[in-house]
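Okay, so here's the structure we're looking at.
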Amino acid sequence: MENVTYINASAGSGKTYTLTHKLAELIKSGHVRSEQVIMTTFTVKAANEMKEEAKKVLYENGLFEAANQLDQAMIGTIHSVANSLIKKYWFFLGLSPDIGVMAEEDTQFYISQSLSELPTHEELNQLHAFCESVGIQYGYFSGKNGLNYDFWKSDIEKVIALTTNYEIESYDRSVMESLDFIRGFVHPSVKLDYSPETLMAILDEYVSFTATQRESKKKQDVLTEVRRLKRGVNAPTISWYKRLSSVLNSWTKCGARGTQMREELAELWHSELVYKEQERYILLLFQLAERWKERFRTFKKERNLLDYNDMEKYLRDLLANKELAEEIRMGYRYLFVDEYQDCSPLQVKIFDRLSELMEHSYWVGDYKQAIYGFRGSDITLTKAVVDRIATGENGCDTETLDTSYRSLPGIVEVCNETFKRTFKGILDEGSIVLKTHRTNDEKIRSVRLWDMEDPESVGIADHIAYLLKQGVKPSDIAVLGRTNAPLDALAGILTGTYGIPANRQEVRVSEIKCMPLVLALLALVESEKDSLAKAQIAVLTEEGYGTNKIIEEKLLVDANEEIKESSYLNDVPLVRRLLELRPMLKQQSVGALIETMVIELDLYNEIKKIGQVDESVSCLDTIVQSGYAYEQHCLQMSLPATVKGFVDYLAVMDPVGKGNANGIQLHTYHSSKGLEWKYVILTHLYEKKNDPKKCVKQDIYGIHFSYSEQPSASTPYPEVFIRVIPFIYGAGNTKVPADIQQQIEESSLYKEVIKDSLAEANRLLYVGMTRPRDVLIVALEPHKKDVHTLQWLEDVGLDCVQPDAQHDIFGVGCRFEDDTITQDQFDSLSGYRYLAENKDMKTMRIPYHQESCDEGVRCLSPSKLHVKGMVDAYYQICEHMQQGTLVGKTMADVGNCIHQIFCGIEQHINIESYYTNLIESYGLKTYLTDYAAIRKSWEMLVKWLTKQFGAAINIYHERPFTLLKDGNVYSGNIDLVWQTSDGDILIDFKTCPLGQKCILDRNSDHYAGWYAGQLDAYTEALEEAGEKVLKRFIYYPVSGMMCEIGRALKVLEMTMYANVYCFDAGDSFDIKR
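If you read the sequence shown in UniProt numbering, its first letter stands for residue 1, the second for the next number, and so on.
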């Protein structure tokens, strides 16, 4: 490691500004050219933000060429950087030049699908026997009951993930460490090696003893269980002995043999039998993992594919090659790394090696925000590397960003005073305490508490409603919670009680109420006779269709021979409409099928009957996007794309919806990282973090990694192994036996694990408390008797908390204002409905116009008519609109948003906040920064149209149409029809970031003439309806440019005979064109 500057960047201290301005300054001063830079971060969105911010700085300094050249710089995720270098040096690595890349989703799907075929029949029987022996059941939140025979799949997925993350080549050490750990619980004296005859004799004796007891239900239950136990004496398992122990403990006395057996069974978990069962499972699990690794290598080789981990490994190998490393040294001079604390071990090694090739490297990170251990990052390792940098050797040094630009002084002060205590002994105070940049000129009460400790007191939803009544915007408020379930419940209360929109982040589509409806509809597409699917659709969408009604309908069909079984529930409106569409849907690709089904069945309205409207809308959007992603997945993996395959894909991938940007933002503490809001409400602060029983069950048992020694500045990369410790004591809330629990708590492993667990809880708390800009609210909630309202803070080291104090509840000398609502304030909320009182704040969505489709006809979008015409004329009707940074969105999103604003202006909605909310709902607040310019763009368009063609007698936005052409149905909406007494002027809105030159360049893909085919469809549809089309235009509102488009050029037929090309020139044409 050489010439690295590590920048310690606390939350809100301006790390993006620092990185981008360092980059811009280096380019400006001539130290480096844009193409000599490597900059990595963890998301495409963050990479785009950094690139745009750096370009902005260069533009401001007049360095336009350098700014444009940044598009050629290697700025992106570590995987995009690796891919770029692999594509450049593929021949050195022995790879194909056209090698493909498996997305993370493809790898995850392959793992899921491949595991079922991994074990042999005998091995599968062994896995099932272990499941039955120890009673492994489905988890509480799985929605399933009974034994989970697939339990081993999640175990092997964890082994695979750790193997990949830490590049574990051999499992020898892992097997040894796992077996040594469980061997420590065995007591040699506990054998449990009884013969079937001895076990039968013990049971017979117990039956005789039980016969002497008085008649009762208990007696009959015991005798029934004994009869069952007798069937298993030839092959007793752990589960069998647990049942035997339970039976022998039914009575105080149980006979001589029974008493002896009962005493031995009290030591069951220390027996050789229990050890052997675990040993067989552990050995098999690692064997299966080894086999899977080899099969996955073969799979990728046969299909010429790399996964993300391969890309990192090849990049590391590439950097180890002296010749290639020297070439990289000559081509690149500066390395910038963002979010260093979230690096995986392999990424740490890559950046370590790259630093030796660069003139200088800047790594930005923050130990206090390292909360993604479950995703593969390793804070122990990254901290060891940072400690090594801090020694100042080999040209390395550190910098600290010491000012908070995000939060008001009161919030900065309470964070400083809290975390300089909880991070004491881990970090120096200079890495924790921040200065303040903002001033509180408006006297905002920035640190508050809501006292809701009394279970009878008003809740969080009531307090939020009162905030909104005072004028706070929903999207300015975030509620942070530890898990999803309480946030889901809060969303329901907010929406149901007060009509407040709520945005649940990172909600899986499987958790949304409309998902069963979508799956039922897809099942019905697959088979029109699927009675269960029809029943589900009926129950979910029609009133009166309960269980009784469904059964009655089925009995009626079964009793009447004249009624075909396939007609069951066909009169249910949604079933009937789907069956009408089914022939057409079956002809479409999976992605198109799903999108058509959602739109043609009007599912955006149907889901309102089910509830969770905001989440359900997001769910539908996500499923539509997933349909097209599934098609790409199948193409990449050489698989057929089918409806059934897509259902399986959804079950495995369980994609995440986007949510409602206008609602209250509901996040887990983990998902809030990197975000900020004006108001942040912290919940679940009563949660106990220093819990030995929970720690042992979750962090000792299961699949975890360990170091042979702790990483340090001198030894940053010690050997890593995997420890597999099956939880064998039962399902649900079953506890670890007390003596084993005590033995584990006394071990060095436990002390290490509990220390790491509390350290991560401390970092998670830091992330939550540093999210607010203006107001931090601590919710003091009802709690269990053995904890207090601020237990979390006390457990992570803030032992001065005073939950019952009037103001200084943290005990750090900072005053929390009591903002708990009074009874009068609560009474004032009676009948309050947010959306009812804020009608103008609701985002308008233009409804989809449905047209029926004949069987066998393909429905296509007019945008599919990609045929070139000519730009007959062009006009500059207004100035170029000022724009900001486009982050994570496309120019199509920009066009849709601007069109939506045009609709509102034309309908005389004159509330600016409506439009700013609308822009935010599209995720474009960083790009469309000048609402006035958008309004002016519309006003100038109206003025120009009026001057050229006269006043409009009708103005149609999103005018629906359907056109039958060449055997296909083209349906959609015309953006704008300006209808005058003489005829129609058609206008389609487009966006092009490349400016006038590309729009008018006939050889450009962005040439405006390419929309001629689309405009022809609009024209023909209106002319068939008896209307006259005068002119057709493409309007670019961002650039203020209007292009008149002629009819699409006729495609010439061409026949090839050897080297002679014959053109049908029946119609005259310009050969130059």
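Backbone N, C-alpha and C define an ideal beta-carbon position, used for all residues, glycine too.
Only a predicted model underlies this, so the values are computations on that prediction, with no experimental measurement involved.
What does the alpha-carbon distance come out to for the pair residue i and residue j?
i, j, result
"Leu3", "Val624", "Sequence inspection shows Asn at residue 3; the Leu mentioned does not correspond to that position. About 48 Å."
"Ser361", "Gln69", "21 Å"
"Ala520", "Tyr630", "19 Å"
"Lys784", "Val801", "18 Å"
"Lys880", "Gly1046", "The sequence given here places His at residue 880; Lys does not occur at that position. Their backbone Cα atoms lie some 25 Å apart in a straight line."
"Ser852", "Ala761", "Any answer about Ser852 is weak, because its pLDDT of 40 lies below 50 and its placement is not dependable; what the coordinates show is given next. Answer to the nearest angstrom: the Cα atoms are 56 Å apart."
"Gly995", "Val57", "21 Å"
"Asp530", "Pro583", "16 Å"
"Thr252", "Ile754", "40 Å"
"Tyr628", "Leu581", "20 Å"
"Ile987", "Thr596", "25 Å"
"Val720", "Thr164", "12 Å"
"Ile38", "Phe336", "6 Å"
"Gly14", "Leu401", "8 Å"
"Tyr927", "Val894", "8 Å"
"His899", "Asp317", "50 Å"
Kindly indicate which three-state DSSP category residue i falls into: helix, strand or coil?
i, result
"Thr418", "helix"
"His957", "strand"
"Cys903", "helix"
"Ala9", "strand"
"Leu916", "Per the sequence shown, the amino acid found at residue 916 is Thr instead of Leu. Thr916: helix per DSSP, three-state reduction."
"Ile503", "Checking the sequence, you will find Asn at residue 503 rather than Ile. It is a strand residue."
"Phe1033", "strand"
"Lys751", "helix"
"Gly1009", "helix"
"Tyr848", "Caution applies to Tyr848, whose pLDDT of 33 falls short of 50 and renders its modelled position unreliable; the model cannot decide the point."
"Leu192", "coil"
"Asp840", "Caution applies to Asp840, whose pLDDT of 43 falls short of 50 and renders its modelled position unreliable; the model cannot decide the point."
"Leu776", "strand"
"Gly492", "helix"
"Arg858", "In this prediction, Arg858 scores a pLDDT of 45, lower than 50, which makes its location untrustworthy; the coordinate-derived value is nonetheless stated afterwards. In this structure, Arg858 counts as strand in the three-state DSSP scheme."
"Leu603", "helix"
"Thr622", "helix"
"Val101", "strand"
"Leu1052", "Caution is warranted here: a pLDDT of 48 is assigned to Leu1052, below 50, making its placement in the model unreliable, and the coordinate value is therefore given only provisionally. Leu1052 falls in the coil class under three-state DSSP."
Is it the case that the Cβ atoms of residue i and residue j are separated by a distance below 8 Å?
i, j, result
"Leu601", "Arg577", "yes"
"Glu277", "Ser174", "no"
"Leu494", "Ile464", "yes"
"Leu798", "Thr418", "yes"
"Trp292", "Leu780", "no"
"Asp366", "Asn8", "yes"
"Glu225", "Arg243", "yes"
"Ile664", "Pro474", "yes"
"Arg406", "Gly12", "yes"
"Leu285", "Trp90", "no"
"Phe109", "Tyr649", "yes"
"Lys191", "Ser250", "no"
"Tyr1007", "Ile999", "yes"
Sort out for me which residues DSSP pairs residue i with in a bridge.
i, result
"Ser361", "Val4, Leu335"
"Arg723", "His704"
"Gly972", "Phe961"
"Gln979", "Asn954, Asp984"
"Gln137", "Leu147"
"Gln665", "Ala478, Asn503"
"Tyr874", "Cys1043"
"Met74", "Ile38"
"Glu817", "Arg448"
"Trp677", "Pro772"
"Arg33", "Paired residue(s): none; Arg33 is not in a bridge."
Problem set entry | Every unbroken alpha helix (DSSP H) inside the region 369 to 428 [4 residues or more] | 379 to 390, 409 to 422
Problem set entry | Segments of 4+ residues assigned as alpha helix (DSSP H) that fall wholly inside the region 222 to 303 | 238 to 248, 256 to 265, 272 to 303
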